[in-house]
Amino acid sequence: MHIRLAVPGDLPVLRTVETAAGELFRQIGMNDIAEHEPPALHVLRSYQRAGRAWVAADADDHPVGYVLVKVVDRAAHIEQVSVHPDHQRQGVGRALIDAVDAWAVAQDLPAITLSTFRDVAWNAPYYAGLGFRPLDDEDLTPGLLEIREEEAAIGLAPADRVFLRRPTR
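In C-alpha coordinates:
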(Lines of atoms letter the chains of each structure in order from A and count residues from 1; the text may use other names and numbers.)
(Lines give C-alpha, C1' and ligand atoms only; values in the text may rest on other atoms or scores of the structure.)
Protein backbone atom coordinates (compact mmCIF):
# COMPACT_ATOMS: atom_id res chain seq x y z
CA MET A 1 0.00 0.00 0.00
CA HIS A 2 1.23 3.48 -0.83
CA ILE A 3 -0.12 7.01 -0.46
CA ARG A 4 -0.28 9.34 -3.45
CA LEU A 5 -2.24 12.31 -4.68
CA ALA A 6 -5.54 11.40 -6.30
CA VAL A 7 -5.79 11.52 -10.08
CA PRO A 8 -9.01 12.07 -12.08
CA GLY A 9 -9.46 8.37 -12.79
CA ASP A 10 -9.58 7.63 -9.06
CA LEU A 11 -12.63 9.76 -8.35
CA PRO A 12 -15.41 7.26 -9.20
CA VAL A 13 -13.56 4.64 -7.12
CA LEU A 14 -13.51 7.01 -4.13
CA ARG A 15 -17.30 7.15 -4.24
CA THR A 16 -17.34 3.33 -4.12
CA VAL A 17 -14.93 3.31 -1.17
CA GLU A 18 -17.15 5.82 0.66
CA THR A 19 -20.31 3.79 0.08
CA ALA A 20 -18.67 0.59 1.30
CA ALA A 21 -17.21 2.30 4.38
CA GLY A 22 -20.58 3.85 5.15
CA GLU A 23 -22.18 0.43 5.40
CA LEU A 24 -20.41 -0.08 8.73
CA PHE A 25 -22.77 2.51 10.22
CA ARG A 26 -25.72 0.29 9.31
CA GLN A 27 -24.25 -2.40 11.55
CA ILE A 28 -24.57 -0.11 14.57
CA GLY A 29 -28.06 1.15 13.73
CA MET A 30 -27.03 4.41 12.08
CA ASN A 31 -28.88 3.71 8.85
CA ASP A 32 -29.33 7.39 7.97
CA ILE A 33 -25.55 7.83 7.97
CA ALA A 34 -25.03 4.67 5.91
CA GLU A 35 -27.44 6.06 3.33
CA HIS A 36 -25.71 9.44 2.92
CA GLU A 37 -24.56 9.92 -0.64
CA PRO A 38 -20.78 9.94 -1.12
CA PRO A 39 -19.26 13.22 -2.28
CA ALA A 40 -20.31 14.12 -5.82
CA LEU A 41 -17.71 13.80 -8.56
CA HIS A 42 -17.46 17.59 -8.97
CA VAL A 43 -16.70 17.92 -5.24
CA LEU A 44 -14.03 15.23 -5.39
CA ARG A 45 -12.64 16.84 -8.53
CA SER A 46 -12.27 20.19 -6.77
CA TYR A 47 -10.18 18.61 -3.99
CA GLN A 48 -8.16 16.61 -6.52
CA ARG A 49 -7.41 19.65 -8.69
CA ALA A 50 -6.37 21.64 -5.62
CA GLY A 51 -3.90 18.92 -4.61
CA ARG A 52 -5.80 18.20 -1.39
CA ALA A 53 -7.01 14.65 -2.08
CA TRP A 54 -4.82 11.67 -1.34
CA VAL A 55 -5.47 7.99 -1.89
CA ALA A 56 -4.10 4.87 -0.31
CA ALA A 57 -3.51 2.53 -3.23
CA ASP A 58 -2.91 -1.21 -3.23
CA ALA A 59 -0.14 -3.04 -5.10
CA ASP A 60 -2.13 -2.65 -8.35
CA ASP A 61 -2.45 1.12 -7.71
CA HIS A 62 -6.18 0.73 -7.03
CA PRO A 63 -7.49 3.16 -4.34
CA VAL A 64 -8.63 1.47 -1.13
CA GLY A 65 -8.91 4.63 0.97
CA TYR A 66 -8.81 8.37 0.64
CA VAL A 67 -8.66 11.66 2.52
CA LEU A 68 -9.91 15.12 1.55
CA VAL A 69 -8.48 18.24 3.18
CA LYS A 70 -9.27 21.93 3.22
CA VAL A 71 -7.63 24.76 5.11
CA VAL A 72 -9.84 26.10 7.90
CA ASP A 73 -8.57 28.90 10.12
CA ARG A 74 -4.89 28.05 9.54
CA ALA A 75 -5.33 24.32 10.13
CA ALA A 76 -5.45 21.37 7.76
CA HIS A 77 -9.05 20.27 8.22
CA ILE A 78 -9.80 16.66 7.29
CA GLU A 79 -13.13 16.92 5.52
CA GLN A 80 -13.40 13.19 4.90
CA VAL A 81 -11.29 10.10 5.44
CA SER A 82 -12.60 6.70 4.40
CA VAL A 83 -11.09 3.25 4.05
CA HIS A 84 -12.77 0.33 2.31
CA PRO A 85 -13.81 -2.27 4.93
CA ASP A 86 -11.63 -4.91 3.25
CA HIS A 87 -8.57 -2.79 4.09
CA GLN A 88 -9.44 -1.45 7.52
CA ARG A 89 -7.34 -2.23 10.60
CA GLN A 90 -4.20 -2.32 8.48
CA GLY A 91 -2.90 1.19 9.14
CA VAL A 92 -4.40 2.73 6.00
CA GLY A 93 -6.24 5.51 7.85
CA ARG A 94 -3.15 6.31 9.90
CA ALA A 95 -1.03 6.48 6.73
CA LEU A 96 -3.51 8.86 5.10
CA ILE A 97 -3.49 11.10 8.17
CA ASP A 98 0.32 11.01 8.21
CA ALA A 99 0.26 12.25 4.60
CA VAL A 100 -2.01 15.11 5.65
CA ASP A 101 0.35 15.90 8.50
CA ALA A 102 3.35 16.05 6.15
CA TRP A 103 1.42 18.30 3.76
CA ALA A 104 0.31 20.56 6.62
CA VAL A 105 3.90 20.92 7.84
CA ALA A 106 4.99 21.85 4.30
CA GLN A 107 2.18 24.44 4.22
CA ASP A 108 3.32 25.82 7.60
CA LEU A 109 0.00 24.88 9.19
CA PRO A 110 0.32 24.24 12.94
CA ALA A 111 -2.50 21.72 13.34
CA ILE A 112 -4.89 19.21 11.85
CA THR A 113 -8.59 19.36 12.73
CA LEU A 114 -11.61 17.21 11.98
CA SER A 115 -15.13 16.56 13.15
CA THR A 116 -16.45 13.10 13.82
CA PHE A 117 -18.93 11.06 15.80
CA ARG A 118 -18.24 11.27 19.50
CA ASP A 119 -19.26 7.72 20.45
CA VAL A 120 -18.55 5.57 17.38
CA ALA A 121 -15.56 3.30 18.12
CA TRP A 122 -13.82 3.88 14.79
CA ASN A 123 -14.34 7.64 15.05
CA ALA A 124 -13.43 9.82 18.07
CA PRO A 125 -11.78 7.01 20.10
CA TYR A 126 -9.71 6.02 17.06
CA TYR A 127 -8.51 9.59 16.49
CA ALA A 128 -7.71 10.00 20.18
CA GLY A 129 -5.28 7.10 19.74
CA LEU A 130 -3.61 9.11 16.95
CA GLY A 131 -3.07 12.08 19.25
CA PHE A 132 -6.16 14.15 18.47
CA ARG A 133 -7.78 15.95 21.39
CA PRO A 134 -11.36 17.23 21.64
CA LEU A 135 -12.03 20.93 21.38
CA ASP A 136 -14.41 22.61 23.81
CA ASP A 137 -17.08 24.85 22.30
CA GLU A 138 -15.18 27.97 23.34
CA ASP A 139 -12.14 26.71 21.41
CA LEU A 140 -13.98 26.32 18.10
CA THR A 141 -12.75 28.77 15.49
CA PRO A 142 -15.17 30.65 13.22
CA GLY A 143 -14.53 28.18 10.41
CA LEU A 144 -15.19 25.17 12.64
CA LEU A 145 -18.41 26.77 13.89
CA GLU A 146 -19.48 27.16 10.27
CA ILE A 147 -18.73 23.48 9.64
CA ARG A 148 -20.84 22.56 12.68
CA GLU A 149 -23.74 24.55 11.20
CA GLU A 150 -23.29 22.85 7.82
CA GLU A 151 -23.30 19.43 9.49
CA ALA A 152 -26.45 20.27 11.46
CA ALA A 153 -28.13 21.38 8.23
CA ILE A 154 -27.64 17.90 6.76
CA GLY A 155 -28.95 16.17 9.87
CA LEU A 156 -25.84 15.56 11.96
CA ALA A 157 -26.77 16.44 15.54
CA PRO A 158 -24.09 18.65 17.15
CA ALA A 159 -24.49 16.69 20.43
CA ASP A 160 -23.34 13.53 18.61
CA ARG A 161 -20.33 15.21 17.02
CA VAL A 162 -16.98 16.34 18.35
CA PHE A 163 -14.26 18.52 16.85
CA LEU A 164 -10.73 17.26 17.34
CA ARG A 165 -7.33 18.90 16.91
CA ARG A 166 -3.76 17.65 16.78
CA PRO A 167 -0.63 19.72 16.42
CA THR A 168 1.36 18.88 13.29
CA ARG A 169 4.49 16.88 13.88
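Numbering (this note's numbering), first residue to last: 3 to 171. For each residue, glycine too, the CB sits at the ideal point set by N, CA and C. Owing to the predicted nature of the structure, the values given are computational and were not obtained by experimental measurement.
Considering only Tyr49, Val45 and Glu20, the residue with the shortest C-alpha distance to Leu7 is Tyr49.
C-alpha of Pro127 to C-alpha of His44: approximately 31 Å in a straight line.
Looking from the CA of Pro14, the closest CA among Pro160, Pro65 and Thr170 belongs to Pro65. Listed in chain order, the alpha helix (DSSP H) elements of length 4 or more contained wholly in the segment 27 to 55 are 33 to 36 and 43 to 51. Rounded to the nearest whole angstrom, the CA to CA distance from Asp63 to Pro136 is 35 Å. As a beta-bridge residue in DSSP terms, Pro169 pairs with Ala113.
The three-state secondary structure of Ala77, taken from DSSP, is strand. Excluding the 5 residues flanking it on each side, Leu166 has same chain C-beta neighbours closer than 8 Å at Thr115, Leu116, Ser117, Thr118, Ala126, Tyr129, Ala130, Phe134, Arg135, Pro136 and Leu137, in chain order.
In the assembly as shown, Val107 is an exposed residue. Its beta-carbon has fewer than 16 other beta-carbons within 10 Å.
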